[in-house]
Amino acid sequence: MLRWYDANARVLPWRAPPGSPPPDPYRVWLSEVMLQQTQVATVIPYFEKFTARWPDFASLAAVEDADLMSAWAGLGYYARARNLLAAARAVAGEHGGRLPADEAALRTLPGFGAYTAAAVAAIAFGQRAVVVDGNVERVVARLFAVADPLPGAKPRIRDLADSITPDARAGDFAQAMMDLGATICTPRSPRCLLCPLADRCEARAAATPEAFPVKAKKKARPVRYGTFFWAERDGRVLLVRRPDTGLLGGMRAFPTGVWSESPPALADAPFAADWTLRNATVRHVFTHFELIAALATATIGGHIDAPDGEWWPIADLDSAGLPTVFAKAVKAIGRSE
DNA sequence: GAAGCGTGGAT
DNA sequence: TATCCAAGCTT
Numbered sequence: 001m002l003r004w005y006d007a008n009a010r011v012l013p014w015r016a017p018p019g020s021p022p023p024d025p026y027r028v029w030l031s032e033v034m035l036q037q038t039q040v041a042t043v044i045p046y047f048e049k050f051t052a053r054w055p056d057f058a059s060l061a062a063v064e065d066a067d068l069m070s071a072w073a074g075l076g077y078y079a080r081a082r083n084l085l086a087a088a089r090a091v092a093g094e095h096g097g098r099l100p101a102d103e104a105a106l107r108t109l110p111g112f113g114a115y116t117a118a119a120v121a122a123i124a125f126g127q128r129a130v131v132v133d134g135n136v137e138r139v140v141a142r143l144f145a146v147a148d149p150l151p152g153a154k155p156r157i158r159d160l161a162d163s164i165t166p167d168a169r170a171g172d173f174a175q176a177m178m179d180l181g182a183t184i185c186t187p188r189s190p191r192c193l194l195c196p197l198a199d200r201c202e203a204r205a206a207a208t209p210e211a212f213p214v215k216a217k218k219k220a221r222p223v224r225y226g227t228f229f230w231a232e233r234d235g236r237v238l239l240v241r242r243p244d245t246g247l248l249g250g251m252r253a254f255p256t257g258v259w260s261e262s263p264p265a266l267a268d269a270p271f272a273a274d275w276t277l278r279n280a281t282v283r284h285v286f287t288h289f290e291l292i293a294a295l296a297t298a299t300i301g302g303h304i305d306a307p308d309g310e311w312w313p314i315a316d317l318d319s320a321g322l323p324t325v326f327a328k329a330v331k332a333i334g335r336s337e
């Protein structure tokens with residue numbers, strides 16, 4: 001694997017060339033958090049933007065929460081951004097401005113789970129650590145033809161990954177396994193003819209690489225309905241901040257009614273106004289449900305009993321840091337009648 | 001252990 | 001279009 005990696009490693013902004021000294025732990029950590037459940041191509045522009053604005057722990061730790069959440073807008077899984085800031089502040093305040101170098105200490109920081117702690121320990125600090133992400137799970141499951149379904153097979157796969165992890169260059173080994181999974185040993189139509197492990201791969205020998213890893217069936221995704229409320233006055237629109245926990249936690253948003261299983265009415269408007277239902281809807285797929293949102297608008301004249309929020313210039317909505325579902329609503333309002 | 005948590009790419 | 005799923009973590 002290391003030989004293959006030396007010749008085939010992807011060139012990425014947060015990565016050092018194979019065999020060279022480890023890159024800046026700050027950049028490794030930032031990239032690992034952004035890459036959680038997120039593809040490389042999606043992460044790159046965010047990583048460039050973040051490292052340009054906040055090049056180290058000290059600068060990131062000093063950011064206002066709202067600025068960080070706004071910069072993260074569109075990347076998803078917003079708890080990552082909240083944990084990122086909490087970890088940066090812990091590092092700046094309690095760890096002398098540096099990440100701890102061992103896996104167990106890393107594991108105690110916000111946003112560091114089993115994967116991220118192992119990856120940072122191995123990639124940024126040269127420690128031997130067993131790094132298991134979705135790519136490694138797939139490669140190992142195929143290499144050893146693991147027949148037990150995920151997620152129950154995770155401990156077994158972790159042990160197998162441990163058994164093939166070298167003492168030296170464990171970080172490069174981990175990145176090699178992930179590159180292999182991302183480019184060769186793909187979920188569908190793996191390119192086994194290019195794989196350096198093909199000779200030793202049990203799934204390949206059985207001619208059924210795509211059958212691994214075995215996974216439990218997923219539940220169907222329910223549909224929920226809601227309404228987004230666009231309150232406009234003097235060229236501005238009312239934005240609120242969502243609660244810190246839960247869906248889109250801490251993000252700017254339009255006021256919304258309750259999201260439920262049946263189509264809503266204007267009855268759950270956030271305040272009394274002359275609401276008009278537009279002839280447009282927003283459809284958006286979240287991890288565990290699909291949302292179909294109606295759009296209601298009102299022009300506000302005199303005083304209203306509106307919730308706390310910001311009257312944001314409509315011409316400058318791009319800078320509000322709205323999550324994608326609400327950015328879609330802005331577009332749909334523009335198209336509607 | 002299971003459920004909650006975003007968004008977009010690939011097929 | 002439908003489905004899978006991506007360098008997972010938290011509760």
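Sequence positions in the first sequence follow UniProt numbering and run 1 to 337. Note that the Cβ used here is the ideal one computed from N, Cα and C, for glycine as well.
| request: Could you say which of PRO110, ASP56 and TYR77 lies nearest to GLY97 if we only look at CA atoms? | output: Distances from the alpha-carbon of GLY97 to those of PRO110, ASP56 and TYR77 put ASP56 closest.
| said: Taking the straight line between their C-alpha atoms, what separation do you get for MET87 and THR276? | reply: Position check: residue 87 holds Ala in this sequence, whereas Met was assumed. Computed Cα separation, rounded: 44 Å.
| LEU75 to TYR46, Cα distance in whole Å? | Looking at the backbone, the Cα of LEU75 and that of TYR46 are separated by about 8 Å.
| field | Given MET69 as reference, the closest of LEU248, ALA117, ALA147 and VAL139 once Cα atoms are compared | value | Here the closest residue by C-alpha is LEU248.
| query | Run through DSSP, which three-state label would ALA147 get? | reply | DSSP places ALA147 in the coil class of the three-state scheme, outside both helix and strand.
| request: Let me know if PHE286 comes out buried or exposed under the rule of 16 or more other beta-carbons within 10 Å of its beta-carbon. | output: PHE286 comes out exposed.
| said: Between which residues of its own chain and ALA41 is the CB-CB distance below 7 Å, once the five residues before and five after are set aside? | reply: Contacts found: none.
| Do the CB positions of LEU291 and TRP311 come within less than 9 Å of each other? | Not a contact, by the Cβ cut-off of 9 Å.
| field | Cα-Cα separation between ASP65 and LYS215, rounded to whole angstroms | value | Going from the Cα of ASP65 to the Cα of LYS215 covers about 38 Å.
| task | Compute the beta-carbon to beta-carbon distance between PHE289 and PRO255, rounded to the nearest angstrom, for a pair I have assumed lies under 8 Å. | result | That belief does not hold up - the Cβ atoms of PHE289 and PRO255 are roughly 20 Å apart, past 8 Å.
| said: Tell me the DSSP secondary structure of GLY226 in three-state form. | reply: Here DSSP, grouped into helix, strand and coil, assigns GLY226 to strand.
| task | Name, in chain order, the residues that DSSP records as bridge partners for THR256. | result | Paired residue(s): PHE228.
| query | Is the number of C-beta pairs between the region 190 to 198 and the region 27 to 38 that are closer than 8 Å three or more? | reply | At 8 Å Cβ cutoff, the stretches do not touch.
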